[in-house]
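Here the structure is laid out as structure tokens; the discussion comes afterwards.
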RNA sequence: GCUGCCAUCGUCUAGCGGUUUAGGACAUCGCCCUCUCAAGGCGGAGAUCACGGGUUCAAAUCCCGUUGGCAGCGCCA
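In our numbering, the protein residues as written are 2 to 494.
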């Protein structure tokens with residue numbers, strides 16, 4: 002079996018987005034599954050839109066996602082360096098092969114202006130003809146070229162597409178896909194500014210870097226025949242191609258900002274776990290025979306195969322991602338959740354929020370509430386009441402549990418009674434406290450809920466929260482008594 | 001407009017000619033558990049397998065057409 006080499010080649014024109022991550026992930030999984038190499042290349046041939054900040058953002062995102070690469074930029078000692086196309090251009094790599102294509106009559110200089118080319122396409126549209134460059138510069142004479150040069154015109158280099166015949170792509174996930182050469186454009190391979198275009202640079206680099214499999218979104222499928230012609234003209238061996246079905250937004254159109262978060266970093270900010278995002282994305286477009294939903298990373302690496310990737314596009318469902326995130330969090334120990342939470346606080350610059358929080362109490366609180374955590378950010382609102390000096394009594398809770406006609410007398414009684422009895426209560430464990438509360442209910446012939454609820458609201462300010470007695474246990478007697486006292490003073494005097 | 005891709009519950013999907021009253025997961029609904037909220041357990045509803053033709057003894061599964069959706073058509077990647 003050949004040694005697999007795959008690459009992820011984002012263009013640094015913004016944050017890494019969901020679609021990009023999916024492509025990166027499938028390449029990475031494939032490499033891991035086949036014990037091959039995963040390469041990160043930066044396709045920054047668009048001088049105008051590429052930024053250094055984007056490169057950094059992509060790196061950050063890849064690192065957070067733990068999609069580690071075997072080869073990539075900023076390591077100049079590797080056989081295939083450099084890994085940024087700008088640097089490769091500086092070394093004349095693309096020009097060399099463009100010259101070779103010209104020498105072999107597979108490419109030619111074109112002096113047409115953008116306006117002329119644009120006019121051609123518009124005319125084709127009107128005539129219901131395939132939109133393409135008409136090839137008028139294909140056969141310029143030596144004199145004509147000299148004349149253009151004299152006029153100071155700067156040419157682009159175009160690839161000369163065959164006028165007839167059919168080229169067949171044998172795609173791993175889609176099978177045979179045929180393209181009519183006549184419909185293919187004489188596309189630009191070197192721009193007027195000397196930079197290679199994507200379709201050219203991609204081929205040159207994939208060949209030079211000995212990429213064996215090209216896994217990418219299916220929005221690239223129409224680029225593939227063009228690229229294949231370049232491989233053929235240069236007499237290079239074709240890699241295997243696999244075109245993955247796209248991820249769409251909730252309305253079935255291409256995923257974009259109006260569908261919600263695009264950047265993975267935004268998911269991180271929301272409090273999603275790296276492994277949840279990875280697991281969820283793997284489920285879009287790939288499945289196992291038994292339709293397994295939850296995977297560890299190791300499990301995924303082991304089971305992944307391109308052959309089981311689907312052909313139809315899938316809609317990104319944030320509800321399922323949210324479920325999966327909760328699922329992943331629940332599978333962690335309280336200690337791990339705490340670590341994740343602290344990382345998240347640091348990442349979002351919220352670390353000061355827990356400055357005065359007792360770590361032991363926080364971990365206990367996380368343990369009590371772990372089943373409710375869907376996002377790391379949820380932890381804040383789930384446990385904050387343990388740490389506030391002044392209990393924030395919620396209006397609804399106070400109205401229904403303390404002040405309604407039906408409950409106010411009982412609530413007042415339960416709280417004053419509890420204040421006295423709990424002040425000297427020895428065994429402040431959950432089981433013991435529960436016994437106390439139940440005994441009180443029996444003794445006074447009231448319902449247990451009439452005892453539980455007022456105490457819950459008194460110490461937490463809310464109607465909902467963790468198991469009451471565990472909550473009291475970790476809060477401790479002193480604090481519980483203090484809070485009951487606050488409630489009595491505030492609402493019953 | 002040209003070209004290509006796709007089409008199974010609302011969503012992600014299993015299924016690769018007979019084992020299917022089409023299976024699982026999310027969401028949704030009900031019940032149980034229960035001090036609340038969750039989590040968990042159990043169950044329900046939800047797909048004439050886009051439509052129409054073939055092929056075959058037999059089709060969600062193979063072929064053709066139609067319709068619909070999406071993508072590409074840049075000196076963007």
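Beta carbons are placed, not taken as given, at the ideal position from N, Cα and C, and that holds for glycine.
Residues of its chain near residue i, where Cβ-Cβ distance is below 8 angstroms and the 5 sequence neighbours each way are ignored
i, result
"residue 52", "13, 14"
"residue 37", "4, 5, 6, 7, 31, 213"
"residue 149", "112, 141, 156"
"residue 102", "108, 158, 160, 190, 231, 234, 235"
"residue 125", "131, 132, 133"
Distance CB(residue i)-CB(residue j) smaller than 8 angstroms
i, j, result
"residue 214", "residue 7", "yes"
"residue 71", "residue 134", "no"
"residue 461", "residue 386", "yes"
"residue 451", "residue 415", "yes"
"residue 100", "residue 199", "no"
"residue 29", "residue 79", "no"
"residue 182", "residue 207", "no"
"residue 339", "residue 363", "yes"
"residue 244", "residue 172", "yes"
"residue 17", "residue 54", "no"
"residue 478", "residue 466", "no"
"residue 435", "residue 403", "no"
"residue 205", "residue 307", "no"
"residue 56", "residue 265", "no"
"residue 399", "residue 447", "no"
Backbone CA spacing between residue i and residue j [nearest angstrom]
i, j, result
"residue 318", "residue 251", "7 angstroms"
"residue 421", "residue 351", "39 angstroms"
"residue 313", "residue 147", "52 angstroms"
"residue 255", "residue 232", "30 angstroms"
"residue 74", "residue 464", "54 angstroms"
"residue 202", "residue 303", "33 angstroms"
"residue 442", "residue 426", "17 angstroms"
"residue 445", "residue 492", "22 angstroms"
"residue 218", "residue 33", "19 angstroms"
"residue 423", "residue 333", "35 angstroms"
"residue 528", "residue 343", "Summary: the structure shown does not reach residue 528, with the chain confined to residues 2 through 494, and so no result is reported for it."
"residue 176", "residue 360", "57 angstroms"
"residue 178", "residue 223", "10 angstroms"
"residue 227", "residue 209", "18 angstroms"
"residue 326", "residue 284", "14 angstroms"
"residue 301", "residue 289", "10 angstroms"
"residue 239", "residue 216", "13 angstroms"
"residue 336", "residue 368", "9 angstroms"
"residue 138", "residue 110", "7 angstroms"
"residue 366", "residue 433", "19 angstroms"
"residue 355", "residue 379", "14 angstroms"
"residue 439", "residue 409", "19 angstroms"
"residue 453", "residue 330", "29 angstroms"
"residue 136", "residue 117", "12 angstroms"
"residue 145", "residue 50", "35 angstroms"
Residues near residue i in its chain [Cβ-Cβ closer than 6 angstroms; skip 5 each side]
i, result
"residue 324", "none"
"residue 376", "271, 272"
"residue 358", "388"
"residue 542", "Because the chain spans 2 through 494 in this model, residue 542 falls outside it and cannot be assessed."
"residue 82", "none"
Same chain, Cβ closer than 7 angstroms to residue i, five either side skipped, listed in chain order
i, result
"residue 268", "262, 278"
"residue 459", "416, 484, 485, 488"
"residue 225", "170, 242"
"residue 65", "269, 275"
"residue 521", "Outside the modelled stretch of the chain, which goes from 2 to 494, sits residue 521, for which no answer is possible."
"residue 192", "157, 198"
"residue 229", "168, 170, 239"
Contact belief for residue i with residue j at Cβ below 8 angstroms, rounded distance in angstroms
i, j, result
"residue 196", "residue 97", "Contact flag wrong, Cβ pair sits at about 14 angstroms."
"residue 157", "residue 189", "5 angstroms"
"residue 281", "residue 321", "7 angstroms"
"residue 429", "residue 396", "Between residue 396 and residue 429 the Cβ distance is about 30 angstroms, and since that is not below 8 angstroms, they are no contact."
"residue 39", "residue 24", "At roughly 12 angstroms, the Cβ-Cβ gap does not stay under 8 angstroms, so residue 39 and residue 24 are not in contact."
"residue 248", "residue 19", "6 angstroms"
"residue 373", "residue 383", "6 angstroms"
"residue 84", "residue 41", "7 angstroms"
"residue 298", "residue 328", "Residue 298 to residue 328, Cβ: 15 angstroms. No contact."
Check: residue i C-beta below 7 angstroms from any heavy atom of the ligand SAM
i, result
"residue 173", "As far as ligands go, the structure on display features none, and thus does not contain the ligand SAM."
Threshold first: 3 residues or longer. Then list the beta strand (DSSP E) segments lying entirely within the region 102-127, N to C. As far as the region 102-127 is concerned, its whole beta strand (DSSP E) runs of at least 3 residues are 108-111.
Which complete alpha helix (DSSP H) runs does the region 389-436 hold, if anything under 4 residues is left out? Correct list: 409-424.
Any alpha helix (DSSP H) of 4 or more consecutive residues that is wholly inside the region 15-68: Taking only runs of at least 4 residues, the alpha helix (DSSP H) segments lying wholly in the region 15-68 are 19-34, 53-65.
Entirely enclosed alpha helix (DSSP H) segments - the region 306-358, minimum 4 residues: Runs found: 319-331, 335-348.
Please list the segments of the beta strand (DSSP E) lying wholly inside the region 205-265, counting only runs of 3 or more residues, in order along the chain. If we require 3 residues or more, the beta strand (DSSP E) runs fully inside the region 205-265 come out as 214-218, 241-245.
Runs of beta strand (DSSP E) lying entirely within the region 158-212, each at least 3 residues, in chain order: If we require 3 residues or more, the beta strand (DSSP E) runs fully inside the region 158-212 come out as 167-172, 176-181, 189-191.
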